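Peer 1: Pasting in a structure now, in structure tokens, and then I'll have a few things to ask.
2 protein chains.
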Amino acid sequence: MVTIYDVASRAGVSAATVSRVLNGKKVREPYGELVRAAAEELGYQPSRTARSLRLQHADVIALIIPDIENPFFTSLARGVQDRAREDGYAVVLCNTDDDPVREREYFDLAVAEHMAGALLAPASSTSDVSPLLKAGRAVVAIDRHVDQDLDTVIMDNHRAALDATTVLVERGFRRIACITGPEDVETASQRADGWRAATLTAGRDPAGLLEHGDFRMDSGREAMRAQLDGADPPDAVVVGNSLMAVGALQAMASRGMTPPDFGMAVFGDLAFAPIVPAGIVIIETPARELGSAAASLLLARIKGAEGASRTVVVETKIRA
Amino acid sequence: MVTIYDVASRAGVSAATVSRVLNGKKVREPYGELVRAAAEELGYQPSRTARSLRLQHADVIALIIPDIENPFFTSLARGVQDRAREDGYAVVLCNTDDDPVREREYFDLAVAEHMAGALLAPASSTSDVSPLLKAGRAVVAIDRHVDQDLDTVIMDNHRAALDATTVLVERGFRRIACITGPEDVETASQRADGWRAATLTAGRDPAGLLEHGDFRMDSGREAMRAQLDGADPPDAVVVGNSLMAVGALQAMASRGMTPPDFGMAVFGDLAFAPIVPAGIVIIETPARELGSAAASLLLARIKGAEGASRTVVVETKIRA
DNA sequence: ACGCCACGTCGTAGATGGTCACCATCGAAT
DNA sequence: ATTCGATGGTGACCATCTACGACGTGGCGT
């Protein structure tokens, strides 16, 4: 490990001067050049650990997500990383599997590692971020609100679901079901509310047409099966995310149904699908934008932005 | 920030004793109990930063991958995380986008953060890991060998490609093309070699049937198009990863072709596909196992395992 | 029974690498 | 010659761990 003292003695100055040069403070020539040359020759890398300890602050942010294998969250992570990199921050990806215990462990880790802040993208668990807030760390919630008063980045779930459902209505579908996420998840209920509003506006009865899944493939398949095997099956469905949509499509296919004959609208794209049946209404979930917007809010707080918490709503687009 | 001194004074002992208790060294009662109680009451979390600085070692490993949005790498990451967590290590996910500059930046970051080691899953770039080795950090290569002599975890690409191609031959396909990754990537050429060997064994001529993509969807589509529009188009294809397979399927579909009439074998599963055409030969790439095996090797080195570098080959399975 | 020795355990102090407040010094300007 | 500004050096500090030293206790020998 080559330290700042090695560089200092090679350049014939004190460690403080090396620190100043490398942090962009004014230094008289030829010291600046000498230091830079010495650092270069020795391959010096300042120890971020020592720096963090002294400054009580690490240029690292935690991104806490429930499922790293869900494309929505990887896109989100992508957006966060790209934005964080611009400001020289590293991102630690923390995968909780929706386990509150793990989530709590990651909160503690963020504190213990002196991380500058955390982005929390919870799925079904209700989270208590007070360990982070007590330690004075910035926190931004993604995708839904948490109990504490926090900066939050969400998308317009209600409107998107309403618009997408309306498209299906206009296409002539009569009984439009909805498969959304768990009942206690804000995004899931917002999407269901949008669907319900559009259904009522069209003069239809939503009773018996709502299913709750867990945003994974299997639950989408099960929910669709339940609907199709019901007494009065639907002729279209609005699905709360792409994984459940894949499951739903499988259930439909096994009964010989497929879009565009059977109507479908989905939150999130199906880019991984080799053969996407035509006529599916795609609600483009702006995962990357969500990530970069959240990172921007967090970085602003880290840099000392004060004031009441803000909520940013990222626009969705309907691709019909 | 509650420090070790806060705990010490509350328990009426010195900071050294607190450190000893919390690190499992023997201490006479009632000190042990007093310290634990004090730590509990104060919600004390040892600063991993200070710890890292003192020990010249952080319980963190870097996982360096080229594309976080590729399902293969997220599965891999999943395997790494689960294994690392068992030993109390955190994982920092580093996304390089195949950019050697970024990769180098992450090497430097790993050194500067005193990380215990790094897992490198390169795609097309040739990497120089000497900055890490010079700093005495453990490194394990995933998916292909690097120039330096390193522990490596790979899968049996040659055999898998050979077996899968043979299955297609047995099913009666006559002209079997191959879409693999970039020429300078070991896994890509191994897969091509396996395909070529099987083709030759079957008494066929592989000339003109090999395409190189970049493991992304678009390149799969382009490669398939090129083959289908050729003078003597193939009736089957072996594809080097699932993203390119999706692209290839799209190209095929746009010409009215689809498995099982057109033969296909793919490295990696198509779990996200809602409607997978029947008859595709899936070569199950054990991404998660690859990740956990690599993590195990790395953790062993971190704990001081000596000796020549080892190469672990993880088995693939053919699902026909 | 007393003293000495050995062992076990706790506290002190130094080290880890970098930064910054404060101080000293040097040069220039009045 | 004196003062002021600019700039580099010194030393304290961040939180933790651990080598070393010191102290106390218990056992054994005389």
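Chains as they are written, first to last, in my numbering: chain A, 60 to 379; chain B, 60 to 379. Note that CB positions come from ideal geometry on N, CA and C, so glycine has one too. In this text the structure is predicted, and so the values were computed from the model without any measurement.
1. Within a Cβ cutoff of 6 Å, which residues of the same chain sit near residue 222 of chain A, ignoring the five residues on either side of it in sequence?
2. Please state if the CB of residue 349 of chain A and the CB of residue 325 of chain A are separated by a distance shorter than 7 Å.
3. Give the interface partners of residue 152 of chain B over in chain A, defined as CB-CB distance under 7 Å, in chain order.
4. Whole angstroms is fine: what's the gap from residue 120 of chain A's alpha carbon to residue 289 of chain B's?
5. List the endpoints of the continuous beta strand (DSSP E) containing residue 154 of chain A.
6. So, is the C-beta of residue 107 of chain B closer than 7 Å to a C-beta in chain A?
7. Any beta-carbon of chain A closer than 7 Å to the one on residue 137 of chain B?
8. Would residue 286 of chain A pass as an interface residue toward chain B - the criterion being a Cβ-Cβ separation below 7 Å?
9. State the Cα-Cα distance for the pair residue 175 of chain A and residue 205 of chain B, rounded to the nearest angstrom.
10. So which of B:278, B:230, B:321, B:197 has the shortest CA-CA distance to residue 369 of chain B?
11. If we define contact as Cβ-Cβ less than 7 Å, is residue 207 of chain A a contact residue for chain B?
12. Chain A partners of residue 149 of chain B, CB-CB under 7 Å?
13. Within a Cβ cutoff of 8 Å, which residues of the same chain sit near residue 265 of chain B, ignoring the five residues on either side of it in sequence?
14. In the DSSP output, what is residue 376 of chain A paired with across the bridge?
15. In this structure, does DSSP put residue 178 of chain A in helix, strand or coil?
16. Can you pull out the residues from the region 187-199 of chain A whose beta carbon lies closer than 9 Å to at least one beta carbon of chain B?
17. What three-state label does DSSP hand residue 210 of chain B in the structure shown?
18. So residue 145 of chain A contacts chain B; which residues on that side make the cut at Cβ distance below 8 Å?
19. Which whole-angstrom value describes the C-beta separation of residue 306 of chain B and residue 278 of chain B, a residue pair presumed to lie in contact below a C-beta threshold of 8 Å?
20. Taking DSSP as the reference, what is the three-state secondary structure of residue 323 of chain B?
21. So with Cβ pairs under 7 Å, would you call residue 112 of chain B a contact of chain A?
22. What residues are listed by DSSP as bridge partners for residue 120 of chain B?
23. Ends of the alpha helix (DSSP H) at residue 112 of chain A?
24. Helix, strand or coil for residue 370 of chain A, going by three-state DSSP, please let me know.
25. In whole angstroms, give me the CA-to-CA distance for residue 59 of chain A and residue 294 of chain A.
26. Determine, for residue 344 of chain A, whether the minimum Cβ-Cβ distance to residues of chain B falls below 7 Å.
27. Ends of the alpha helix (DSSP H) at residue 269 of chain A?
28. Give me the Cα-Cα distance between residue 130 of chain A and residue 302 of chain B, rounded to the nearest whole angstrom.
29. Can you check the region 243-288 of chain A for any beta strand (DSSP E) of at least 3 residues that lies completely inside it and give the ranges in chain order?
30. Compare the C-alpha of residue 115 of chain A against each of A:80, A:194, A:217 and name the closest.
31. Quick check on residue 63 of chain B - is its C-beta less than 7 Å from some C-beta in chain A?
32. Give the straight-line distance between the Cα atoms of residue 88 of chain A and residue 138 of chain B, rounded to the nearest whole angstrom.
33. To the nearest angstrom, how far is it from the Cα of residue 117 of chain B to the Cα of residue 118 of chain A?
34. Rounding to the nearest angstrom, what Cα-Cα distance links residue 66 of chain A and residue 99 of chain A in this structure?
35. Measure the CB-CB distance between residue 354 of chain B and residue 200 of chain B and report whether it falls below 7 Å.
36. Going straight from the alpha carbon of residue 203 of chain B to that of residue 246 of chain B, what length do you get?
Peer 2: Taking the coordinates as given:
1. Residue mapping note: residue 222 of chain A aligns to position 163 of the first sequence, counting from 1. Excluding sequence neighbours, residue 222 of chain A sits near 377.
2. Residue numbering aside, residue 325 of chain A sits at position 266 when the first sequence is read from its first letter. Residue numbering aside, residue 349 of chain A sits at position 290 when the first sequence is read from its first letter. No, the Cβ-Cβ distance between residue 325 of chain A and residue 349 of chain A is not below 7 Å.
3. Residue numbering aside, residue 152 of chain B sits at position 93 when the second sequence is read from its first letter. The answer, in chain order, is 152.
4. Within the first sequence, numbered from 1, the residue matching residue 120 of chain A stands at position 61. Within the second sequence, numbered from 1, the residue matching residue 289 of chain B stands at position 230. Spanning the two alpha carbons is a distance of roughly 51 Å.
5. Locating residue 154 of chain A in the first sequence gives position 95, counting from the first residue. Start and end: 149-154.
6. Walking along the second sequence from the start, residue 107 of chain B turns up at place 48. Yes, contact with chain A.
7. Translated into the one-based positions of the second sequence, residue 137 of chain B becomes position 78. It does: the Cβ of residue 137 of chain B has a partner Cβ on chain A nearer than 7 Å.
8. Counting from 1 along the first sequence, the entry for residue 286 of chain A is found at position 227. False, the Cβ-Cβ gap to chain B never drops below 7 Å.
9. Here the question's residue 175 of chain A lines up with position 116 in the first sequence. Here the question's residue 205 of chain B lines up with position 146 in the second sequence. Taking the straight line from one Cα to the other gives about 35 Å.
10. Position 310 of the second sequence, counting from 1, holds the residue named residue 369 of chain B. For the residues B:278, B:230, B:321, B:197, the minimum Cα distance to residue 369 of chain B belongs to B:197.
11. Locating residue 207 of chain A in the first sequence gives position 148, counting from the first residue. No, because no Cβ of chain B sits closer than 7 Å to the Cβ of residue 207 of chain A.
12. For this step, residue 149 of chain B is matched to residue 90 along the second sequence. What residue 149 of chain B touches in chain A: 151, 168.
13. Here residue 265 of chain B refers to the residue found at position 206 of the second sequence. The answer, listed in chain order, is 237, 254, 255, 258, 259.
14. Residue 376 of chain A sits at position 317 when you count from the first residue of the first sequence. Looking at the DSSP assignment, residue 376 of chain A forms a beta bridge with A:343.
15. Here residue 178 of chain A corresponds to residue number 119 of the first sequence, with the count starting at 1. In the structure shown, residue 178 of chain A sits in a strand (DSSP, three-state: E or B).
16. 190, 193, 194, 195
17. As a working mapping, residue 210 of chain B is identified with position 151 in the second sequence. In this structure, residue 210 of chain B counts as strand in the three-state DSSP scheme.
18. One-based indexing of the first sequence puts residue 145 of chain A at position 86. Neighbours of residue 145 of chain A on chain B: none; closest Cβ ~13 Å, over 8 Å.
19. Working through the second sequence from its first residue, we reach residue 306 of chain B at position 247. Working through the second sequence from its first residue, we reach residue 278 of chain B at position 219. Indeed, because the Cβ distance is near 7 Å, the residues count as touching under 8 Å.
20. Within the second sequence, residue 323 of chain B is the residue found at index 264, counting from 1. Of the three classes helix, strand and coil, the one that applies to residue 323 of chain B here is strand, per DSSP.
21. Taking the first residue of the second sequence as 1, we reach residue 112 of chain B at position 53. Yes, residue 112 of chain B counts as interfacial toward chain A.
22. Residue mapping note: residue 120 of chain B aligns to position 61 of the second sequence, counting from 1. Beta-bridge pairing links residue 120 of chain B to B:150, B:176.
23. Looking up residue 112 of chain A in the first sequence gives position 53. Its alpha helix (DSSP H) spans residues 107-114.
24. Taking the first residue of the first sequence as 1, we reach residue 370 of chain A at position 311. In this structure, residue 370 of chain A counts as strand in the three-state DSSP scheme.
25. Since the first residue of chain A shown is 60 and the last is 379, residue 59 of chain A is not available in this structure.
26. Along the first sequence, one-based indexing puts residue 344 of chain A at 285. Cβ-Cβ to chain B under 7 Å: no for residue 344 of chain A.
27. On the first sequence, position 210 is the one that residue 269 of chain A refers to. First-last for residue 269 of chain A: 269-271, but that is the beta strand (DSSP E), not the alpha helix (DSSP H).
28. Against the first sequence, residue 130 of chain A aligns to sequence position 71. Against the second sequence, residue 302 of chain B aligns to sequence position 243. Using only the alpha carbons, I get a separation of about 13 Å.
29. 269-271
30. Within the first sequence, residue 115 of chain A is the residue found at index 56, counting from 1. It is A:194.
31. The count along the second sequence starts at 1 and reaches residue 63 of chain B at position 4. No, residue 63 of chain B does not count as interfacial toward chain A.
32. By 1-based counting over the first sequence, the position of residue 88 of chain A is 29. By 1-based counting over the second sequence, the position of residue 138 of chain B is 79. Spanning the two alpha carbons is a distance of roughly 52 Å.
33. On the second sequence, position 58 is the one that residue 117 of chain B refers to. On the first sequence, position 59 is the one that residue 118 of chain A refers to. Going from the Cα of residue 117 of chain B to the Cα of residue 118 of chain A covers about 16 Å.
34. The residue given as residue 66 of chain A occupies position 7 in the first sequence. The residue given as residue 99 of chain A occupies position 40 in the first sequence. Spanning the two alpha carbons is a distance of roughly 9 Å.
35. Translated into positions along the second sequence, residue 354 of chain B becomes position 295. Translated into positions along the second sequence, residue 200 of chain B becomes position 141. Not in contact: residue 354 of chain B and residue 200 of chain B (Cβ atoms no closer than 7 Å).
36. Within the second sequence, numbered from 1, the residue matching residue 203 of chain B stands at position 144. Within the second sequence, numbered from 1, the residue matching residue 246 of chain B stands at position 187. Each residue's Cα considered, the two are about 6 Å apart.
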